[in-house]
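The structure under discussion appears below in the form of structure tokens.
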Amino acid sequence: MNRQTLEETANAMVAPGRGILAMDESHPTCKRRFDSIGVDCNESSRRAYRGLLITAPGAAEHLSGYILFDETMRQSTDTGNRFADIITAAGSIPGIKVDRGTLDMPLHPEEKYTQGLDGLAERLIEYRDLGARFAKWRSVITIGDGIPTNACIEANMWALAMYASFCQDAGIVPIVEPEVLIDGVHDIETCDFVSRATLSALFSALARQNVHIEGTVLKASMVLSGKDCPDQASDDEIAEKTIDCLRDTVPAALPGVVFLSGGQTALQSTVRLNTMNASGVDLSWRLSFSYGRALQDPALRAWDGKAENGEEAQRQLALRARLNGAATLGEYDPNMEQAA
Ligand code: 13P
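Quick look at the structure:
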């Protein structure tokens, strides 16, 4: 493991003013997104849409990295330029999702286990040769009646730590993503409790596997009220509870935390990130973004599956990238939404 290379990459991923675009939807997830605009999801439509995102003028300036799906890592533009090479040439970093999705966790109703460790070492070497310098693995923690169980948290955090150790052995920075789902009627205190238990277990597991924390990036969910909770916390409370939770559980040596949007709107995701960074609280790691839907939704709707809408879709992506870039500095202003 070359610690210095890992640290340089991890720091570049959370560079001030920039964040990460998650565009690594599996085929079924991509189909759900495309179904929402009535577009058939196939190799060609995925390549057309994702090619627009990757080549959007003005977006890469605010995007330190792009998380790709296996298929996209192997795709090129019509003129034969590999997507991964375009990302690198624009001064950003190509990354790759390497987990193989979730299974129902045996003997644990309503809970999920993320698979993908078998053969991971070989896959990482191939991805590194294709240009990937970081990877992502997502675990899912569900809040509900009697869940999450310790068994679910421990099994998933162990798998995340094993994945992270395989990544670093291959010279690839691991993004470790334990997503506490927004689904449910729980209040923000419950989310806070579960997030703390999850993150504490994660960092213990990473330490046990000798994972180099300075060469790792955490992808976290914000501390939120459940989607169906009647009492929805304010942006200020979300920002405060999220920062408190992270300060109590995340080692200072970590270069940065990037948030997923996880069902928040594009606007909420930007405002809440900005609130945290504008809070004046002295933080030992950077706070940035690795949004999927919150960056892509406006672009996806503008595109609508039509080539003639491509430029508008690209403008929408560049706008959200710029606004979230500003939010990493605590410099977002709602008037910037109009300035496009
Ligand atoms: P969302 O921002 O849409 O939650 O996606 C981020 C992601 O990559 C989840 O793994």
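Per our numbering, residue -7 is the first one in the sequence shown, and the count goes up by one each step. Ideal Cβ placement from N, Cα and C applies to all residues, glycine included.
Check your understanding: With a Cβ-Cβ cutoff of 8 Å, do Asn148 and Tyr105 count as a contact?
Key -> yes
Exercise for review: Return yes when at least one heavy atom of the ligand 13P lies under 7 Å from the C-beta of Gly254, else no.
Suggested key: yes
Review point. Who are Phe126's beta bridge partners in DSSP?
Key: Gly87, Val165
Exercise for review: Classify Ser157 as helix, strand or coil using the three-state DSSP reduction.
Suggested key: helix
Check your understanding: Asn142: buried (16+ other C-beta within 10 angstroms of its C-beta) or exposed?
Key -> exposed
Point to revise | heavy atom of the ligand 13P below 7 Å from Gly83 C-beta | key: no
Exercise for review: Buried or exposed for Thr1, please, with buried defined as at least 16 other CB atoms from any protein chain shown within 10 angstroms of its CB.
Suggested key: buried
**Study point:** Contact check, Glu35 vs Gly207, beta carbons under 8 Å
**Key:** no
Check your understanding: Taking 7 Å as the line, does the beta carbon of Glu181 fall inside it for any heavy atom of the ligand 13P?
Key -> no
Practice item. Could you give the DSSP three-state label for Met149: helix, strand or coil? Key: helix
Review point. What's the C-alpha gap between His178 and Lys233?
Key: 15 Å
Review point. Using the C-alpha atoms, what's the distance from Ile79 back to Cys22?
Key: 21 Å
Practice item. Leaving out five residues on either side along the sequence, give the residues of the same chain with a beta carbon under 6 Å from the beta carbon of Met154. Key: Leu109
Check your understanding: Does the beta carbon of Asp16 fall short of 7 Å from some heavy atom of the ligand 13P?
Key -> yes
Practice item. Find out if the Cβ-Cβ distance for the pair Gly123, Ala81 is shorter than 8 Å. Key: no
Check your understanding: How is Tyr41 classed by DSSP in three states: helix, strand or coil?
Key -> helix
Review point. Between Cys183 and Val172, which are expected to be in contact by the criterion C-beta below 8 Å, what is the C-beta distance as a whole number of angstroms?
Key: 6 Å
Practice item. Provide the residue(s) that pair with Ala14 in DSSP beta bridges, ordered along the chain. Key: Ile59
Point to revise | Euclidean distance between Cα positions of Ala231 and Val215 | key: 8 Å
Review point. What number of angstroms, rounded off, separates the C-alpha of Asn316 from the C-alpha of Asp228?
Key: 17 Å
**Study point:** Span of the alpha helix (DSSP H), counted from its first residue to its last, around Asp77
**Key:** 75 to 81
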